[in-house]
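Accompanying notes for the structure given below.
In the working numbering, the protein residues as written are 16 to 307.
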């Protein structure tokens, strides 16, 4: 067959423009970092959720969530640690792999854990290469301001897309004095300067966590790359939540910015209790659920 006879693969508009997965013409197109820039240019907001396993990833992908973050928040949402600090690269790799293998459309971002990139660009590259080669991540996220420009430049220059993270950065909770709002007073200008520096270094988006709404609005206006808010008011280009907070799997205390969209924790509790009652009472398994 000659080269001219080869029919190019069908590309379909990304689902984040119209919602559901879809067109029958072919598999939906994978969301890319340039699509997110285009959304900002058109003034269209987009959602991001965390995901740590294949089932949640499949569901969120089908729901048309364009970006999934395999966050180091897996530390205290999956592995039972008290903070994000203890989780390791080796613990996160299987989670990232599960999410990337379960999705067809979403851009999957892997968080770089504490201690896996701070030493310098070479360490950041080594860690990020593992996430992309061993787990199939499409991008990585790191926390911190202008101090990490060398890491961002090294990564983006080597083909690794980088999402930055400013404001309250959980990996620095001990330095910041706990969970405290960032960017107030004199911190406003520093936050803006950090955001611009990271953009200039090649970051494709910036997460703003626990930042006053007016400050987040100003940062969003200053940048050509998208901002992703979490506790940063309504004017960022996108919003992200930890899925177990959003869906009610976390039945403990939640930050003020969390809106709970379901009560899966109590649904699961009720299901487990009913299963236990059926087993104890001898009604499960019955004939319908037994082989003959």
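Glycine included, C-beta positions come from ideal geometry on N, C-alpha and C.
Exercise. So what's residue 204 in DSSP terms, helix, strand or just coil?
Worked result: In the structure shown, residue 204 adopts helical secondary structure according to DSSP, grouped into three states.
For this session: Per DSSP, which residues does residue 156 bridge with? Please list them.
Result: BP columns for residue 156 point to 126 and 178.
Problem set entry | Chain-order list of residues whose beta-carbon lies under 8 Å from that of residue 211 (same chain, five-residue window excluded) | 237 and 238, listed in sequence order.
Exercise. What do you get for residue 26, buried or exposed, if any count of 16 or more other CB atoms within 10 angstroms of its CB means buried?
Worked result: Note that residue 26 scores a pLDDT of 38, beneath 50, so its modelled location is shaky; the value from the coordinates is reported in the next line. The residue in question, residue 26, is exposed, as its Cβ has fewer than 16 Cβ neighbours within 10 Å.
Problem set entry | Burial state of residue 51 (16 or more Cβ within 10 Å) | Classification for residue 51: buried.
Exercise. Between the segment 286-299 and the segment 260-278, are three or more C-beta pairs nearer than 8 Å?
Worked result: No, the segment 286-299 is not in contact with the segment 260-278.
For this session: Go ahead and label residue 157 buried or exposed: buried means 16 or more other beta carbons lie within 10 angstroms of its beta carbon, across all protein chains shown.
Result: Buried: at least 16 other Cβ atoms inside 10 Å.
Problem set entry | residue 86 (DSSP reduced to helix, strand or coil) | It is coil, neither helix nor strand.
For this session: Check each candidate in 209, 208, 189 and 182 and name the one with the smallest Cα separation from residue 196.
Result: Of the residues 209, 208, 189 and 182, the one whose Cα lies closest to the Cα of residue 196 is 182.
Problem set entry | 8 Å CB neighbourhood of residue 299 in its chain, flanking five on each side removed | If we look at residue 299 and ignore the five residues flanking it on each side, its Cβ neighbours are 290 and 293.
Exercise. The beta strand (DSSP E) with residue 221 in it runs from where to where?
Worked result: From DSSP, the beta strand (DSSP E) with residue 221 extends over 220-224.
For this session: Within its chain, find whatever has a CB closer than 7 Å to the CB of residue 104; leave out the 5 residues flanking it on each side and keep chain order.
Result: Result list for residue 104: 128, 131, 142 and 145, in chain order.
Exercise. Could you give the residue range of the beta strand (DSSP E) that holds residue 254?
Worked result: For residue 254, the enclosing beta strand (DSSP E) has its first and last residue at 253-256.
For this session: Find out if the Cβ-Cβ distance for the pair residue 111, residue 85 is shorter than 7 Å.
Result: By the CB criterion at 7 Å, residue 111 and residue 85 fall inside the cutoff.
Exercise. Taking the C-alpha atoms as reference points, what is the distance between residue 218 and residue 82?
Worked result: So the two alpha carbons sit approximately 15 Å from each other.
Exercise. From 136, 70 and 92, pick the residue whose C-alpha is nearest to that of residue 115; which is it?
Worked result: Nearest option by C-alpha distance: 70.
For this session: Could you spell out the range, first to last residue, of the alpha helix (DSSP H) harbouring residue 5?
Result: Since the first and last residues shown for the chain are 16 and 307, residue 5 lies out of range.
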